[in-house]
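Working notes, beginning with the structure itself.
Residue numbers (the numbering used here): 5 to 157.
See the structure below:
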């Protein structure tokens, strides 16, 4: 998804509606609508406004679109609030997430084509799997720092 479309979706998909979001952001409703209109060439969303709207909506789609355009991948820092998560629990989550990737791809391929919704499901499953990989890495690093001993092997 391109950045302009992402900004449009972020604003127009807000559950409270665009007028409520505009009020929360301190931007006039019509000004906000104009700023995220991909076809508008005179009003533009500033970076600080995009960041504020992402925070207010809880929707990082603009960040993801910008990262994609530049050849990067962004993902939430999963389990950042749980530094004590055991490597075994993190690994269990990874195995489950890996199964979700297989299921999403398998279901998408059943009819011989992958539609847009199925692509989103696959992307989300893969990103979740990557987040779980990072969770395992964080858990192992924490265990290493703490000198945690594990049985076996």
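Using N, Cα and C, we set each Cβ at its ideal position, and we do this for glycine too. Bear in mind that the values here come from a model prediction, so they are computed numbers and not experimental data.
Check: Would you kindly check if the distance between the Cβ of residue 143 and the Cβ of residue 73 is under 7 Å?; Outcome: no
Check: List the endpoints of the continuous alpha helix (DSSP H) containing residue 135.; Outcome: 120-150
Check: So the candidates are 125, 15, 6; which of them puts its Cα closest to the Cα of residue 62?; Outcome: 15
Check: CA-CA distance, residue 140 and residue 91?; Outcome: 6 Å
Check: Which value, in whole angstroms, describes the spacing of the CA atoms of residue 21 and residue 13?; Outcome: 12 Å
Check: Between which two residues does the alpha helix (DSSP H) holding residue 65 run?; Outcome: 65-73
Check: Kindly confirm or deny that the region 36-50 and the region 96-104 touch, where touching means at least three C-beta pairs closer than 8 Å.; Outcome: no
Check: Quick check: the Cα distance between residue 25 and residue 110, rounded to an integer number of angstroms?; Outcome: 38 Å
Check: Under 7 Å between the Cβ atoms of residue 56 and residue 29?; Outcome: yes
Check: Between which two residues does the alpha helix (DSSP H) holding residue 77 run?; Outcome: Unbroken run through residue 77: none, as it is neither H nor E.
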